[in-house]
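Enquirer: Protein chains in written order, with the numbering used here: chain A, 3 to 538; chain B, 14 to 338.
1) Take every Cβ of the region 199–212 of chain B, pair it with every Cβ of the region 107–125 of chain B, and state whether three or more of those distances are shorter than 8 Å.
2) I'd like the span of the beta strand (DSSP E) that includes residue 54 of chain A, first residue to last.
3) How is the beta strand (DSSP E) around residue 258 of chain A delimited, first residue to last?
4) Helix, strand or coil for residue 408 of chain A per DSSP?
5) Which of the residues in the region 90–116 of chain B, read from start to end, lie with their CB under 9 Å from any CB of chain A?
6) Just reading off the beta strand (DSSP E) that residue 165 of chain A is part of, what are its end residues?
7) Look at the alpha carbon of residue 205 of chain A and the alpha carbon of residue 317 of chain A, and state the distance between them as a whole number of angstroms.
8) Could you say which of B:210, B:203, B:235 lies nearest to residue 120 of chain B if we only look at CA atoms?
9) On the criterion of 16 or more Cβ atoms from any shown chain inside 10 Å, does residue 539 of chain A qualify as buried, or is it exposed?
10) Check the Cβ-Cβ distances between residue 155 of chain B and every residue of chain A, and say whether any is below 9 Å.
11) Nearest-angstrom Cα distance between residue 195 of chain B and residue 206 of chain B?
12) Beta-carbon separation of residue 460 of chain A and residue 359 of chain A under 9 Å?
13) Can you tell which of B:313, B:278, B:291 has its C-alpha closest to the C-alpha of residue 265 of chain B?
14) Interface residues of chain A around residue 279 of chain B at Cβ under 7 Å?
15) Residue 250 of chain A to residue 241 of chain A, Cα distance in whole Å?
16) Within 8 Å, do at least three Cβ pairs link the region 398–406 of chain A to the region 135–142 of chain A?
17) Would you say residue 515 of chain A faces chain B, with C-beta separation under 9 Å as the test?
18) Confirm, please, whether the CB-CB distance from residue 73 of chain A to residue 397 of chain A is below 9 Å.
19) Along the beta strand (DSSP E) that carries residue 191 of chain A, what are the first and last residues, could you check?
20) Whole-angstrom Cβ separation of residue 433 of chain A and residue 166 of chain A, contact assumed at under 8 Å?
21) Counting along the chain, where does the alpha helix (DSSP H) carrying residue 321 of chain A start and finish?
22) Rounding to the nearest angstrom, what Cα-Cα distance links residue 58 of chain B and residue 65 of chain B in this structure?
23) Kindly give me the distance between the Cβ atoms of residue 495 of chain A and residue 220 of chain A, rounded to whole angstroms, as I take these residues to be in contact under 8 Å.
24) Does any C-beta atom of chain B lie closer than 9 Å to the C-beta of residue 312 of chain A?
25) Hey, how far is the Cα of residue 299 of chain A from the Cα of residue 101 of chain A?
26) Taking only runs that begin and end inside the region 71–120 of chain B, name each unbroken alpha helix (DSSP H) of 4 or more residues, in chain order.
27) Quick one: grab the DSSP three-state call for residue 83 of chain A.
28) Give me the DSSP bridge partner(s) of residue 414 of chain A.
29) Which stretch, first to last residue, makes up the beta strand (DSSP E) that contains residue 463 of chain A?
30) Is it the case that the region 341–350 of chain A contacts the region 167–178 of chain A, given that we only count it when at least three CB pairs across the two stretches are under 8 Å?
31) Start and end of the alpha helix (DSSP H) containing residue 65 of chain A?
32) When DSSP labels each residue in this structure, what does residue 212 of chain A get in the three-state scheme?
33) Taking 8 Å as the threshold, find out whether the region 487–506 of chain A comes into contact with the region 302–317 of chain B through three or more Cβ pairs.
34) Does the distance from the CB of residue 160 of chain B to the CB of residue 277 of chain B come in under 9 Å?
35) Return the Cβ separation of residue 481 of chain A and residue 305 of chain B in integer angstroms, given the expectation that the two are a contact with Cβ distance under 8 Å.
36) Would you mind stating whether residue 129 of chain A and residue 371 of chain A have Cβ atoms separated by less than 9 Å?
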């Protein structure tokens with residue numbers, strides 16, 4: 003029955019599309035026998051899909067929606083009604099809305115929102131059948147089967163429409179190009195050594211300028227992270243701020259040990275090189291402590307390192323590749339004569355080597371469809387339409403061509419005057435690795451790196467990449483360990499802890515009183531269960 | 014009005030007869046029906062928005078799952094409260110919360126009373142108006158905005174405080190890594206932010222004092238300070254006590270909006286500024302568990318409620334006329 007209906011819908015969509023060309027005004031309303039029933043040749047019953055996203059509604063969204071409705075009146079016959087929640091409220095609102103059973107057809111949800119909690123509770127519909135399905139050619143083309151597979155979660159079903167452009171946003175150090183040249187460095191920075199020389203020079207000759215601006219609760223993050231080949235049988239898990247290394251047997255079938263940050267040396271000795279001591283496992287921590295002299299004195303209170311940099315108070319700042327074009331523009335507008343460039347500090351990525359980046363292919367952002375929605379098929383039809391062509395997709399992501407933006411070739415774009423009125427948060431609704439456009443005025447190096455991070459063979463899936471920890475049995479321990487560890491980890495990341503091994507050991511003892519070992523036991527059994535179920 | 018009605022029933026109907034009491038209540042309702050009608054919308058509002066939602070407290074004792082709802086979630090007793098008391102830091106956090114709030118209440122009340130007296134004693138009409146507006150204004154600035162000013166003051170490099178210190182030839186102080194200064198800084202900020210606004214109530218009370226009393230005091234040769242000391246302050250006392258009782262109810266609630274905006278996630282300042290609410294925020298960052306948060310919220314309210322009762326009963330003994338109930 004269901005398949006028949008789907009075939010019918012698909013047929014009607016194609017037919018309707020063919021008919022539009024003839025300009026055949028069709029007034030009769032199709033008899034409603036099911037939620038997406040439509041007889042061939044007629045547009046499906048009009049439907050309004052209600053959705054919840056967060057952030058500010060783009061000013062020109064009504065214009066775009068009007069254009070969308072005009073284009074699809076005879077095919078989709080769908081209207082969109084999007085409620086935009088304030089960023090800070092979205093999480094609670096979605097949860098309450100689900101609890102109250104309010105009817106919504108799509109909501110933004112992600113791991114950092116309610117996804118991990120609401121999926122096991124049965125709040126969201128399984129979407130597996132809509133992907134890799136010829137009835138939904140748009141979705142089939144835009145979402146590869148690997149992409150779909152890796153975004154399955156909980157009971158190995160797909161509960162989201164995942165959005166991402168790249169599977170990894172390359173971390174970089176953004177540098178004031180004009181300052182570098184002024185201080186006598188004629189070539190762009192290409193190594194940590196050169197970066198250090200540059201920073202020393204800044205300290206020496208630029209009074210009041212901080213060499214490197216980082217965020218107080220992020221610190222050095224990925225900087226100096228060991229650039230080594232990953233081991234399949236020693237996998238890091240970052241849970242509640244603490245790193246645990248899961249040691250698997252060589253055949254990757256059994257969990258042998260779970261070693262936590264700060265554990266005694268005897269525990270670490272059970273792991274193979276280079277993880278056999280904390281010192282060699284976390285080589286970056288000593289570097290961080292040494293490089294802390296390049297940070298501002300009140301670094302832990304820094305909430306917005308970018309703004310600090312933009313005001314001219316820093317020579318460089320920690321950021322990620324994706325914001326390059328926007329940041330460069332911002333800097334040029336705020337500081338006359340200033341220019342921005344970036345240093346890719348991870349060597350394998352800098353050299354654009356294949357399989358350099360480990361990923362779980364999980365999109366950080368996604369849309370989920372509540373099971374209570376009466377229009378699941380129609381909602382998926384809408385997304386199918388959106389991913390069916392660049393034209394459809396770009397209408398939502400960039401706005402109306404000629405008004406908000408203009409295409410440059412197939413993969414680039416130029417913003418027009420009106421673009422300020424249509425800044426759409428693509429990561430909440432439209433992003434897809436197959437439909438990326440880069441700004442046409444971006445410089446060559448940046449374009450190359452973006453292309454590199456769009457290529458599938460840049461990535462590989464590490465062992466345990468798909469494993470995700472379920473906190474529900476150790477909630478109390480998790481909360482206490484996290485709140486205790488967080489201040490230390492934060493000071494460590496900002497390079498403020500010199501003797502980190504001793505302090506980590508002390509912290510570890512306190513965490514054990516708060517239930518670290520209970521969490522460890524739970525990790526061990528959950529990973530084992532994951533492996534036993536055929537997980538990799 | 015409230016006092017009047019109570020004394021009225023007391024006079025007409027003896028309190029010890031239950032039947033009489035009910036009849037008295039009905040008679041009272043009939044007698045003042047229009048007044049009660051006036052109060053009705055507010056009573057309904059409170060019932061719907063303050064009393065009905067209290068039923069939701071039950072999620073503090075459940076493993077609440079949004080999809081199962083309140084009716085379907087598992088009852089777990091006091092489990093949600095456990096984690097807070099298992100953390101070794103809870104004594105420090107509770108102490109910080111209470112200590113900061115006691116400081117806030119004390120100094121804000123003092124400052125507000127002081128401002129109210131000074132403004133009413135001022136002569137120039139225009140100056141008075143402007144001074145009042147200037148002092149009330151900070152109340153309308155959000156803490157996020159205030160936090161930006163604060164950073165400009167306390168930054169180690171180029172902060173206002175340190176510039177002055179350097180000018181005076183004194184060594185710079187790293188305020189953002191010295192927790193000891195922060196109770197003082199927070200109290201100063203709180204006064205700057207709220208005392209002007211808080212003084213409105215006191216000013217209203219002062220302007221309600223019968224001018225005849227001041228006049229006769231002047232005739233008897235009382236000085237300005239004497240009038241303040243012997244007339245204004247004693248007559249302000251009931252209001253001060255009343256507002257303090259109300260403020261005490263929130264003593265277990267850290268001012269999250271203020272402290273998180275200003276301190277943010279600077280762990281170096283946690284020793285003196287980490288309060289229950291900021292701690293909870295940190296602990297729940299990844300979990301986002303409604304039940305556990307509700308449990309702590311419930312505990313805060315419960316302690317607040319007990320404290321209000323305690324302070325009120327003390328007030329009843331010390332100054333019966335200013336107790337709330």
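Yeah, the Cβ is synthetic: ideal placement off N, Cα and C, and Gly gets one too.
Expert: In short:
1) yes
2) Within the first chain, the letter at position 52 stands for residue 54 of chain A. Element bounds for residue 54 of chain A: 49–56.
3) The residue labelled residue 258 of chain A in the question sits at position 256 within the first chain. Counting along the chain, the beta strand (DSSP E) containing residue 258 of chain A begins and ends at 257–262.
4) Locating residue 408 of chain A in the first chain gives position 406, where the first residue counts as 1. In this structure, residue 408 of chain A counts as strand in the three-state DSSP scheme.
5) 92, 93, 95, 96, 97, 99, 100, 101, 102
6) Working through the first chain from its first residue, we reach residue 165 of chain A at position 163. Segment 162–165, the beta strand (DSSP E) holding residue 165 of chain A.
7) Residue 205 of chain A sits at position 203 when you count from the first residue of the first chain. Residue 317 of chain A sits at position 315 when you count from the first residue of the first chain. Their backbone Cα atoms lie some 10 Å apart in a straight line.
8) The count along the second chain starts at 1 and reaches residue 120 of chain B at position 107. If we check each option's Cα against that of residue 120 of chain B, B:203 comes out closest.
9) The structure shown does not extend to residue 539 of chain A, since chain A spans only 3 to 538, so no value can be given for it.
10) The residue labelled residue 155 of chain B in the question sits at position 142 within the second chain. False, the Cβ-Cβ gap to chain A never drops below 9 Å.
11) Position 182 of the second chain, counted from the first residue, corresponds to residue 195 of chain B. Position 193 of the second chain, counted from the first residue, corresponds to residue 206 of chain B. If I take the Cα positions, the gap works out to 16 Å.
12) If you number the first chain from 1, residue 460 of chain A lands on position 458. If you number the first chain from 1, residue 359 of chain A lands on position 357. Against a cut-off of 9 Å, the Cβ pair of residue 359 of chain A and residue 460 of chain A comes out as a contact.
13) Within the second chain, numbered from 1, the residue matching residue 265 of chain B stands at position 252. If we check each option's Cα against that of residue 265 of chain B, B:313 comes out closest.
14) Here residue 279 of chain B is taken as the residue at index 266 of the second chain, counted from 1. Chain A residues near residue 279 of chain B: 218, 302, 303.
15) As a first step, residue 250 of chain A is located in the first chain; it is residue number 248 there, counting from the start. As a first step, residue 241 of chain A is located in the first chain; it is residue number 239 there, counting from the start. Rounded to whole angstroms, residue 250 of chain A to residue 241 of chain A spans 18 Å at the Cα level.
16) no
17) Along the first chain, read from residue 1 onward, the residue named residue 515 of chain A stands at position 513. Chain B, which has a Cβ nearer than 9 Å to the Cβ of residue 515 of chain A, makes this yes.
18) Mapped onto the first chain, residue 397 of chain A falls at position 395. Mapped onto the first chain, residue 73 of chain A falls at position 71. In this structure, residue 73 of chain A lies closer than 9 Å to residue 397 of chain A by Cβ.
19) For this step, residue 191 of chain A is matched to residue 189 along the first chain. Note, residue 191 of chain A: premise wrong, no beta strand (DSSP E); not H, not E.
20) The residue you call residue 433 of chain A lines up with position 431 of the first chain. The residue you call residue 166 of chain A lines up with position 164 of the first chain. With 8 Å as the limit, residue 433 of chain A and residue 166 of chain A qualify as a contact, their Cβ atoms being about 6 Å apart.
21) Within the first chain, residue 321 of chain A is the residue found at index 319, counting from 1. Looking at the DSSP string, residue 321 of chain A is not in any alpha helix (DSSP H); the run it does join, the beta strand (DSSP E), is 316–322.
22) The sequence position of residue 58 of chain B within the second chain is 45, counting from 1. The sequence position of residue 65 of chain B within the second chain is 52, counting from 1. Distance between the alpha carbons of residue 58 of chain B and residue 65 of chain B is about 10 Å.
23) Taking the first residue of the first chain as 1, we reach residue 495 of chain A at position 493. Taking the first residue of the first chain as 1, we reach residue 220 of chain A at position 218. Indeed, because the Cβ distance is near 7 Å, the residues count as touching under 8 Å.
24) Here residue 312 of chain A is taken as the residue at index 310 of the first chain, counted from 1. It does not: the Cβ of residue 312 of chain A has no partner Cβ on chain B nearer than 9 Å.
25) Stepping through the first chain from its first residue, residue 299 of chain A is reached at position 297. Stepping through the first chain from its first residue, residue 101 of chain A is reached at position 99. If you take the alpha carbons of residue 299 of chain A and residue 101 of chain A, they lie about 46 Å apart.
26) 82–85, 92–99
27) Working through the first chain from its first residue, we reach residue 83 of chain A at position 81. In this structure, residue 83 of chain A counts as strand in the three-state DSSP scheme.
28) By one-based count along the first chain, residue 414 of chain A stands at place 412. DSSP lists A:410, A:440 as partners of residue 414 of chain A.
29) Here residue 463 of chain A corresponds to residue number 461 of the first chain, with the count starting at 1. Residue 463 of chain A -> beta strand (DSSP E) spans 461–463.
30) yes
31) Counted from its first residue, the first chain places residue 65 of chain A at position 63. Looking at the DSSP string, the run of the alpha helix (DSSP H) that includes residue 65 of chain A is 63–74.
32) As a working mapping, residue 212 of chain A is identified with position 210 in the first chain. Residue 212 of chain A: strand per DSSP, three-state reduction.
33) no
34) Taking the first residue of the second chain as position 1, residue 160 of chain B is located at position 147. Taking the first residue of the second chain as position 1, residue 277 of chain B is located at position 264. Contact: yes.
35) As a working note, residue 481 of chain A is residue 479 in the first chain. As a working note, residue 305 of chain B is residue 292 in the second chain. Right, their Cβ atoms sit about 7 Å apart.
36) The sequence position of residue 129 of chain A within the first chain is 127, counting from 1. The sequence position of residue 371 of chain A within the first chain is 369, counting from 1. It is a contact, given that the beta carbons lie within the stated cut-off.
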